[in-house]
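Colleague: I have a structure here, written as structure tokens, and I will follow up with some questions on it.
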Amino acid sequence: MPLPIEEIIKVRKEKLQKLSKLDISGFPAWDRNWKKSGRLMAIRGHGKLIFADLINQEGKQQISFKADKLGKLWELVELLDMGDFIGCNGQDYITQAGEPTIDIEDFALLTKSLRPLPSEWYGFKDVEERYRQRYVDLIVNSENRKVFETRSKVITLFRKKLDEAGFLEMETPVLQPIYGGATAKPFITHHNDLGMELFLRISDELYLKRLIVGGFEKVYEIAKDFRNEGMDRQHNPEFTMLEFYWAYANIEDLMNFTEELLSSIVKEVKGDHKIIYQGQEYNFSPKWKRVTFRDLILNDCGIDIDIKDTEEKLLKEMKLKKIKVDLTGVIGFGALCDTLYKNVSRPKIIEPTVVTDYPSAMLPLAKKTSDPRKAGSFQLLVGGFEFLKAYNELNDPIDQKNRWEEEMALSQKGLDEHQVLDEDFVRALEYGMPPTAGWGLGIDRLVAFLTDQHTIKDTILFPTLRAETSSSIQNVTTTDSLPDEREMRFVAVLRDNIEPGKIMNALGHMAAGLAGGFEKAKEMCFLQYTDKNKGIHPNISHYPFIVLKVDNSNQIRKIREEAKNKGIFFTDFTSTMTIGSSADQVNATKETEEKDLDYFGICMFGKTSELKEFTGKFSLFK
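With the numbering used here applied, the sequence shown corresponds to residues 125 to 746, in that order.
In structure tokens, the structure reads:
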């Protein structure tokens with residue numbers, strides 16, 4: 125049985141004291157160069173011959189320590205641990221097993237590691253711990269290091285290709301007196317000396333377009349943006365955007381340039397235009413499919429938004445077509461079109477597809493086409509991901525101000541997310557901005573796609589996380605600053621033809637599995653209720669728990685597949701889990717093909733909007 129981590133740390137600190145007695149520092153000054161320096165890993169062997177791997181950015185190098193060759197230095201070898209940094213000199217040779225090795229003649233301890241690295245015994249308890257201690261994750265997981273090497277390469281390629289195309293990289297303010305450039309909730313801070321609220325930027329757009337007004341014709345910025353919104357596999361409050369703006373270009377120029385730019389980057393990064401993401405092949409070879417927003421909605425929903433061109437008409441048609449989507453906080457024709465698109469059409473888009481001519485009501489910063497109902501715009505979508513948005517930029521100051529005022533009016537009616545009026549930007553447009561096209565692309569999403577990562581958290585070195593607590597599940601004792609309970613939910617789907625005792629047993633097992641789930645535990649929120657007599661009623665879920673019913677196992681199988689595809693956290697229960705002991709149940713499940721499993725139910729936790737997409741048609745379990 126391995127020692128607890130605390131005991132291992134104690135032993136290593138004792139070694140540090142022994143080193144001190146030998147007049148050796150565990151953290152010496154760097155005072156000479158060595159043939160090879162790096163971190164010790166995989167120490168193996170015993171007696172008077174020890175092998176180890178020396179790891180640095182160049183890769184792995186096997187080294188050997190021989191007592192008869194090292195003499196007094198052998199005392200130091202016996203005080204080394206996996207994770208220590210050393211510098212060494214020695215002769216190269218090939219072992220009998222054919223492994224290139226350095227036979228150590230001289231070495232020195234460069235840094236003593238006091239905490240053991242994760243292993244089969246001391247590994248991370250959950251995925252979030254891996255994100256929180258990314259520095260350790262990078263040490264022990266070379267595949268994850270490759271993800272971030274790819275990320276660096278992608279950003280370098282964008283800079284190189286945009287620079288070659290004549291674009292200039294610019295820097296714009298992170299702290300802004302007015303947030304704008306996107307429809308999103310900002311983070312708010314306060315400047316004490318100025319006595320004013322400031323916002324972390326949600327987009328670089330408005331400042332980059334001010335530079336176009338100022339006479340620059342091709343500008344870009346790769347920068348951190350911040351949006352105070354929910355987190356899921358495609359969203360993090362802090363993310364990296366590439367935005368560029370091109371004077372005297374139109375949306376057609378932009379589509380052609382974008383296709384050439386992205387397809388070439390995919391080819392250089394992957395060696396091929398074809399990539400595999402989550403088991404699905406995608407082909408980025410030019411020419412990409414193009415479809416108008418109107419045709420997309422018409423094909424998927426049977427609704428012509430050119431005819432049903434008001435909020436009232438569209439709502440009526442959606443009811444007639446029995447299209448069910450969550451319309452909480454959705455106000456106005458543009459927001460309604462966007463909701464319809466995101467819930468019905470976007471998930472169906474697989475291969476790289478350019479969607480053009482969005483309703484102008486959806487894009488308050490985009491210039492209208494000859495048809496005033498349409499904006500000169502496009503989005504690139506792949507596998508349900510939105511990669512970028514591109515516009516013919518609105519340069520009419522009067523129209524721009526009117527659109528913002530319309531959005532502000534809708535906000536008074538309850539529109540959740542909206543843009544705000546930026547008088548200074550209107551003033552800039554009054555000086556004149558030439559015809560301009562531009563777009564913004566999420567670097568994190570693109571890298572996730574190129575490296576086959578299910579969530580963008582695996583492409584962000586230090587993703588935003590809940591505060592570290594002793595408990596893996598958030599337990600709240602006050603109702604102050606609670607998250608919006610409408611954003612997340614638990615959903616159980618149960619067979620209604622299973623006897624009550626068995627189905628309740630299945631539900632209990634699945635609910636316990638969700639609560640103990642390592643991946644989503646910290647996104648759950650539990651309240652502590654107190655009665656009038658000060659009695660405590662702990663761990664009551666803040667988020668709703670919806671129980672639905674289906675008729676058969678195949679329906680649950682399909683729900684399970686949808687949850688997997690969307691990255692929704694779930695547990696399920698089958699008839700094989702009712703047989704004998706736990707060991708019997710494990711074996712019975714192992715011996716049954718998935719297609720033959722008889723599902724009793726499934727229990728899920730995730731975003732309300734995503735769960736409603738494929739569970740909204742089922743009725744409540746009564």
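Idealized CB from N, CA, C, for every residue including glycine.
In this text, all values refer to a predicted model and were calculated from it rather than measured experimentally.
#1: Beta-carbon separation of ASP546 and ILE302 under 7 Å?
#2: Near VAL343, which residues of its chain fall below 6 Å by C-beta distance, leaving aside the five closest residues on each side in sequence?
#3: Got a sec, what are the start and stop residues for the beta strand (DSSP E) LEU173 sits in?
#4: Our contact map puts TYR372 next to PRO587 with C-beta atoms below 8 Å; I'd like the distance itself, whole angstroms only.
#5: Would you kindly report the start and end of the unbroken beta strand (DSSP E) that includes ASP227?
#6: When the Cα of GLN215 is compared with those of ILE312, THR480, LYS159 and HIS315, which residue comes out closest?
#7: Figure out for me which residue from PHE729, ASP349 and ALA176 has the closest Cα to the Cα of GLY564.
#8: Would you mind working out which of THR313, GLY290 and ILE326 sits nearest THR307, comparing C-alpha positions?
#9: Assign ARG334 to one of three DSSP states: helix, strand, or coil.
#10: Is the Cβ-Cβ distance between ILE683 and ILE726 less than 7 Å?
#11: Tell me which residue opens and which closes the beta strand (DSSP E) that VAL479 is part of.
#12: Taking DSSP's pairing of strands, which residues face MET320 in a bridge?
#13: If I follow the unbroken beta strand (DSSP E) through MET728, where does it start and stop?
#14: Under the assumption that ALA561 contacts TYR515 (Cβ atoms under 8 Å), give the Cβ distance between them as a whole number of angstroms.
#15: Counting only runs of 3+ residues fully inside the segment 506-546, write out the beta strand (DSSP E) ranges in chain order.
#16: Determine the contact status of LEU173 and LYS190, defining contact as a CB-CB distance below 7 Å.
#17: Anyone know if the C-beta pair for ILE670 and VAL617 falls short of 7 Å?
#18: Inspect the beta-carbon positions of LYS398 and THR477 and report whether they are closer than 7 Å.
#19: Mind checking who VAL415 pairs with in its DSSP beta bridge?
#20: Can you tell me the Cα-Cα spacing of ARG418 and GLU345, whole angstroms?
#21: DSSP three-state label for HIS578, please.
#22: In angstroms with no decimal places, state the Cα-to-Cα distance between LYS391 and THR698.
#23: So the alpha helix (DSSP H) TRP751 belongs to, where does it begin and stop?
#24: Return the chain-ordered list of same chain residues with a C-beta closer than 7 Å to the C-beta of PHE479, the five sequence neighbours on each side being excluded.
#25: I'd like to know if GLU623 contacts chain B, where contact means its C-beta is closer than 7 Å to some C-beta of that chain.
#26: Under 7 Å, do GLY305 and LEU330 count as touching if we go by C-beta distance?
#27: Could you tell me the alpha carbon to alpha carbon distance between GLU530 and ASP450, rounded to whole angstroms?
#28: Would you call the CB atoms of PHE282 and LEU178 closer than 7 Å?
#29: Would the segment 127-144 and the segment 231-241 be scored as touching if the rule is three or more Cβ pairs under 8 Å?
#30: What would DSSP say about ILE455, mapped onto helix, strand or coil?
#31: Can GLU769 and GLN186 be called in contact, C-beta distance under 7 Å?
#32: Rounded to whole angstroms, what is the Cα-Cα separation between LYS747 and LEU631?
#33: Using only the alpha-carbon positions, how far apart do LYS491 and ASN423 sit?
#34: For ASP696, which of helix, strand or coil comes out of DSSP?
#35: For my contact list, LYS581 and ASN360 are in at a C-beta cut-off of 8 Å; report their separation, rounded to the angstrom.
#36: With 16 other CB atoms within 10 Å as the buried threshold, where does THR732 fall?
Modeller: In short, the structure shows the following:
#1: yes
#2: LEU292, MET294, LEU332, LEU335 and TYR369
#3: 173-180
#4: With a Cβ gap of about 39 Å, TYR372 and PRO587 do not count as contacting.
#5: 224-235
#6: LYS159
#7: ASP349
#8: ILE326
#9: helix
#10: yes
#11: 477-480
#12: HIS315
#13: 723-731
#14: 7 Å
#15: 509-516
#16: yes
#17: no
#18: no
#19: VAL479
#20: 32 Å
#21: coil
#22: 44 Å
#23: No statement about residue 751 is possible, as the shown extent of the chain runs from 125 to 746 and does not include it.
#24: The residue asked about is misnamed: residue 479 is Val in this sequence, not Phe. Result list for VAL479: VAL415, PHE417, LEU420, PHE502, GLN503 and LEU505, in chain order.
#25: Absence of chain B from the displayed structure is noted, only one protein chain being present.
#26: yes
#27: 23 Å
#28: no
#29: yes
#30: coil
#31: Summary: the structure shown does not reach residue 769, with the chain confined to residues 125 through 746, and so no result is reported for it.
#32: With the chain running from 125 to 746 in the structure shown, residue 747 is simply not present.
#33: 26 Å
#34: strand
#35: 7 Å
#36: buried
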